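Sequence lines, in order, name chains G and D. By my numbering, the letter at position 426 of the first sequence is numbered 426, and the numbering carries on one by one without gaps. By my numbering, the letter at position 196 of the second sequence is numbered 196, and the numbering carries on one by one without gaps. Ideal placement from N, C-alpha and C gives every residue a C-beta, glycine not left out. If you're wondering where the values come from, they're calculated on a predicted model, not measured in any experiment. Written below as structure tokens is the structure these notes are about.
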Amino acid sequence: MPITSEQVLQLAPDSNSAKAGEKLMALKNWSDLGINAEALWGKCQGSALYQVKVDLTNLGSSCSCPSRKFPCKHALGLLFLYAESPVAAPLGEPPEWVADWLLKRRDREEKKSDKNAEQADKPVDEKAQLKRVEQRETRVSAGLERLDLWIRDLVRNGLAGLESQPPSFWDEQARRLVDAQSPGLSSRLLALGELPGSSPDWPMQMLSELGRIKLLIHAWQRIEQIDTPLQSDIRQMIGWIISQEELAERTDGVQDIWCVVGQTTSEEKQLRVQRAWLLGRETGRWALVVQFATLGQPFAEVLPVGTERPGTVVYYPGASEQRGKLIRQEGGIAEVTRRLPGTDRFDDFLGEVSSQFARQPWVRGLCGLFSDVTIVPREKEWILRDSAGNGLPLSPKNHWKLLALTGGAPCDLAAEWEGRSLHPLGVYIQGRYRTT
Amino acid sequence: MIDDLTRIALVGTSRTSGIAPLIHEHPGDALLAGLAPSDPESTLLLRAAVQTVFAAAGRMSEPDVAAVEVSPVETARTPSIRLVGILQNAMASDSKDLLDEMLRQMAAETLHLPHELLPEALSVADTTLRDRLIPVLGERGRWLSRFNPQWLWVHEGIGTLSDSDQERNQQIWDEGTIPERCRVLAAWRRSNPAGARDTLSETIAQESADHRGRLISELTTGLSSDDEEFLEKCLDDRSSGVKQIAAEMLSRLPDSALSRRMQDRASSILTAGKTGIVFKKLTVTCSPPESIDKTWERDGISQKPPGGRGKRAYWAETVLQAVPPSYWGKHLGTAPGALIEAVREDNFGQSVLLGWSRACARFAASDPESALWVKPLWTYWEDVASRVQGTAHGTIIEEMKSLVAVMPASEAEQAVFELLRKNHESGGPEAIALLDRLPRPWSAHFSERYLKLTGSVIQKSSDNFAYQWMNTLHMAARAIPPENFAAALVPWDVALHQTRTSWALTTAEREIARFQETIRLRQSFYEEVSA
């Protein structure tokens with residue numbers, strides 16, 4: 001499939017690797033280039049002659065260089081070269097070093113799914129497990145009680161004082177929550193620490209978020225009265241992890257052609273976190289795929305924006321059915337070249353937002369694909385307008401590139417609703433889906 | 001309302017006795033009762049939570065948003081996806097020459113800029129690049145520029161200035177820095193030369209001498225005999241710098257009073273006669289005055305020459321450079337080559353030739369008769385250059401540079417190549433600078449010869465000469481036309497020269513790699529542009 005430089009950039013583990021990769025794309029650095037339907041390969045002259053290969057079915061790659069970054073600059077260079085001059089690598093049969101690698105790769109993939117099946121059969125020490133669960137629940141309850149006290153103290157003494165608090169003020173509480181085995185709440189609290197002074201209406205945002213945390217504590221204290229799916233959401237928000245085995249066991253997977261419409265990567269404490277929004281072509285369903293990787297390491301799933309692949313997504317248990325995992329890929333990845341399913345009325349989308357909040361009041365971002373919308377620049381803000389003439393504000397940054405690309409004409413735009421404004425993720429214009 | 005709650009939360013519940021009176025009824029209150037909060041803090045927090053969720057769930061869109069007018073359909077061709085990447089690279093590399101070439105080429109191929117690059121392109125501040133951008137902005141670029149006041153320069157050159165442009169320009173003129181004000185003045189000169197001159201004359205007295213000079217120079221845009229009266233007044237300026245600038249501009253107006261004054265002075269300085277009884281050899285004699293009066297000074301000629309030179313020589317030069325060389329053909333009735341020969345041996349011969357060369361550079365473009373002097377003068381300097389070395393050689397090259405600039409392209413290339421070829425054998429690096437003055441792109445023929453010469457420099461020249469020569473690769477990478485790309489990309493073996501030091505080798509290798517990288521970028525650009 002054709003790949004763009006933009007997509008290669010998204011694969012880079014950091015900006016230095018991306019730069020180094022771009023430098024290596026010059027044809028003179030390469031020999032023995034080749035490509036077939038499955039793979040792309042070439043030899044790159046570095047300190048030694050490195051063998052570089054890319055699995056085109058999922059953009060996985062490998063290189064004989066000793067770099068601990070992944071993908072390394074050589075693999076990126078090969079991908080950049082392919083993006084810029086798709087004909088540089090002649091069609092051909094893969095040499096042995098490529099064929100072997102591919103064979104091993106396919107083997108591993110098979111074994112992986114076998115292993116999953118095996119693990120499910122393992123007998124479990126139910127008694128010990130139950131005890132562990134009990135222990136954790138006690139710790140969480142105690143931790144949340146302390147948090148409740150702390151939050152109530154905050155509003156008793158007034159939020160005005162928060163602006164002068166040092167970061168340690170928040171870190172301290174966040175650490176206590178980690179000790180109380182509630183890492184989810186812990187990072188929610190850390191994010192709160194960024195709020196004071198960040199915008200004129202930070203006190204309102206702070207109060208809203210504190211209120212929602214209070215609501216979460218409240219819910220935990222009465223969790224037995226709550227429906228099972230929502231219980232699951234609450235536990236995950238506090239920090240229970242859904243094991244990969246548990247996910248693999250689920251039988252309610254959604255089979256579809258999944259299009260990657262948006263992706264962000266951020267760094268948090270030695271970890272890279274990738275959030276990718278996938279949209280199912282047939283079902284119109286959304287899945288938020290969150291992946292973690294240590295710095296310099298690849299994410300398990302390569303999800304470049306503007307690509308699609310047939311596969312099965314399972315949702316994490318809960319009422320929101322938002323976070324998902326691509327458990328199986330059932331065909332190669334391809335470029336998005338057809339329109340995506342979406343809504344042409346904001347009111348329909350806002351209705352969907354309402355139902356999500358009704359199911360799960362802690363929902364944060366929601367994604368929408370808006371068909372036939374136009375960009376409207378105003379003096380101090382940007383508006384997205386649907387074909388019925390209704391408008392929603394775009395996020396408060398400039399959207400000149402989007403306006404330039406669309407020329408004021410209707411387009412299909414994917415955007416994340418952040419409660420107050422739409423943050424554009426990508427736009428489909430003239431047969432191509434691209435990031436904004 | 002959440003605002004009321006926020007106010008309470010900011011102060012703290014301990015300082016607001018009883019929060020109930022401050023709180024308005026909310027449809028979520030029933031839900032809140034179900035949560036049964038136990039203390040004021042919990043009540044406040046849960047109320048905030050309920051209202052937040054209510055607000056999020058009940059969000060409405062803004063009705064009746066006015067649509068924007070859709071951009072007209074592009075009439076120019078749409079660039080390929082690959083071209084987008086190439087242009088992006090060129091923009092990122094910040095290489096003005098490269099962008100300049102690409103934009104010109106795109107205009108010639110009637111391509112418009114890729115839409116996603118428009119915001120970046122419209123934010124370019126360089127005026128020459130802006131001129132290049134205008135033809136390739138396309139319908140989309142012109143449409144887009146209307147939404148951002150900073151992009152209204154797009155419409156400066158098109159038709160009349162809009163009111164908002166005028167306002168902005170006036171503001172820059174009143175408050176801007178000197179380069180900004182010069183730019184506005186030039187823009188005004190393009191659309192309304194007389195108006196711009198009047199605006200300048202209103203404020204000129206309040207400007208500093210340096211600024212007066214720079215602003216007056218901007219009148220070069222659209223210069224005509226209408227400007228004579230104003231410029232003539234500028235000759236009465238206190239500053240000798242301003243006088244000189246005004247005088248130079250007046251000299252470019254062939255019928256100006258200053259031109260006539262200069263011609264009168266010149267014809268009293270230079271006289272022709274015949275010597276010898278049999279052959280009647282032509283001689284031209286230069287006799288500058290022993291002293292000059294106030295009228296000379298008013299016309300920008302200083303009493304004291306700069307840099308400790310002889311004042312009579314300096315006066316002669318200054319007067320002669322203000323008179324079109326064609327004048328001498330008519331006045332003395334002889335061809336340029338003969339006149340040059342006739343004055344060479346004079347005491348002030350060198351000054352006369354300097355004056356003529358500068359006059360030639362100044363007038364050749366507007367006066368075909370004066371252009372006939374370029375070649376003979378070049379031949380003269382070439383001859384002189386071959387006899388001297390060091391700093392004197394450098395000065396002569398400076399004169400030659402200005403002559404190259406007014407030669408027709410093929411003549412200039414021929415002339416410069418010959419000089420370089422000889423220099424490469426004799427080793428003086430000064431002439432390399434002449435390459436920079438050749439019009440770009442170079443011709444295929446010249447490029448071929450340049451590349452061959454480069455190959456030979458790499459193999460045979462001294463480290464110092466080779467090092468200097470390698471600097472021309474940067475220029476060549478941008479000047480060589482597509483016909484020569486293939487030849488430019490063949491591998492060059494820099495190690496052939498047996499005695500090269502290692503630093504010379506590395507420099508050569510690095511410069512060649514850069515050169516070929518640029519050529520490759522241009523090569524892919526040309527492939528895409530014509531695809």
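Sub-8 Å separation of residue i and residue j beta-carbons
i: D:Leu111; j: D:Ala57; result: no
i: D:Val242; j: D:Gly222; result: no
i: G:Cys411; j: G:Val376; result: no
i: G:Ser164; j: G:Ala83; result: no
i: D:Ile396; j: D:Trp442; result: no
i: G:Leu403; j: D:Leu144; result: yes
i: G:Gln356; j: G:Asn58; result: no
i: D:Leu231; j: D:Met249; result: yes
i: D:Asp299; j: D:Ala247; result: yes
i: G:Ser208; j: D:Thr52; result: yes
i: D:Leu133; j: D:Leu103; result: yes
Any chain D beta carbon closer than 8 Å to residue i
i: G:Trp286; result: no
i: G:Lys127; result: no
i: G:Lys214; result: yes
i: G:Ala39; result: no
i: G:His423; result: no
i: G:Glu418; result: no
i: G:Leu159; result: yes
is_contact[residue i, chain G] using C-beta, thresh 8 Å
i: D:Ser71; result: yes
i: D:Thr52; result: yes
i: D:Arg140; result: yes
i: D:Thr160; result: Because the pLDDT of D:Thr160 is 48, which lies under 50, any placement of that residue in the model is unreliable, and the number read from its coordinates should be weighed accordingly. Chain G contact via Cβ: absent.
i: D:Met60; result: yes
i: D:Thr518; result: no
i: D:Gly12; result: yes
Assigned secondary structure, residue i (DSSP; H/G/I helix, E/B strand, else coil)
i: D:Val154; result: helix
i: D:Gly159; result: Per-residue confidence for D:Gly159 stands at a pLDDT of 41, beneath the threshold of 50, marking its modelled position as unreliable; the derived number appears in the next sentence. Reduced to three states, the DSSP call for D:Gly159 is coil.
i: D:Leu521; result: helix
i: D:Phe230; result: helix
i: G:Thr264; result: strand
i: D:Tyr526; result: helix
i: G:Val8; result: helix
i: G:Lys74; result: According to the sequence displayed, residue 74 of chain G carries His and not Lys. Three-state result, G:His74: helix.
i: G:Val305; result: coil
i: G:Tyr316; result: coil
i: D:Asp94; result: coil
i: G:Ile234; result: helix
i: G:Val87; result: coil
i: G:His399; result: coil
i: G:Trp41; result: strand
i: G:Ser61; result: strand
i: G:Phe370; result: strand
i: G:Ala293; result: strand
i: D:Arg437; result: helix
i: G:Ser31; result: strand
Nearest-angstrom beta carbon gap, residue j and residue i [assumed within contact, 8 Å]
i: G:Val314; j: G:Arg250; result: 5 Å
i: G:Trp220; j: G:Leu425; result: Wrong, their Cβ atoms sit about 33 Å apart, outside the cutoff.
(message) So if I threshold CB-CB distances at 9 Å, which residues from the segment 353-382 of chain G count as touching chain B?
(response) The displayed structure is made up of protein chains G and D, and chain B is not among them.
(request) Please list the residues of the segment 198-209 of chain G that have a C-beta atom closer than 7 Å to any C-beta atom in chain D, keeping them in chain order. (result) Result list: Pro203, Met204, Leu207, Ser208.
(message) What are the residues in the segment 331-353 of chain G lying within 8 Å of chain D by C-beta distance?
(response) Per Cβ criterion, the list reads Phe346, Asp347, Leu350, Val353.
(request) Pull out every residue of the segment 35-51 of chain D whose Cβ sits closer than 9 Å to any Cβ of chain G, in chain order. (result) The segment 35-51 of chain D vs chain G, Cβ under 9 Å: Leu35, Pro37, Asp39, Pro40, Glu41, Ser42, Leu44, Leu45, Leu46, Arg47, Ala48, Ala49, Val50, Gln51.
(message) At a CB distance below 7 Å, what residues from the segment 4-24 of chain G approach chain D? Give them in sequence order.
(response) Contact residues of the segment 4-24 of chain G toward chain D are Ser5 (C-beta to C-beta distance below 7 Å).
(request) Select from the segment 142-153 of chain G all residues with a C-beta closer than 7 Å to any C-beta belonging to chain D, and list them in chain order. (result) Answer set for the segment 142-153 of chain G: Ile151, Arg152.
(request) Below 7 Å between beta carbons is the criterion; list the residues of the segment 390-414 of chain G that meet it against any residue of chain D, in chain order. (result) Listed by position along the chain: Asn390, Gly391, Leu392, Trp400, Lys401, Leu403, Ala404, Leu405, Gly407, Gly408, Ala409.
(request) Quick one: which residues of the segment 109-135 of chain D get their C-beta closer than 7 Å to a C-beta of chain G? List them in chain order. (result) Across the segment 109-135 of chain D, CB contacts with chain G closer than 7 Å involve His115, Glu116, Leu118, Pro119, in sequence order along the chain.
(request) Could you please tell me which residues of the segment 215-249 of chain G, in chain order, have their CB closer than 7 Å to any CB of chain D? (result) Answer set for the segment 215-249 of chain G: Leu215, His218.
(message) For the segment 295-309 of chain G, list every residue whose C-beta sits within 7 Å of some C-beta in chain D, in sequence order.
(response) Listed in sequence order: no entries.
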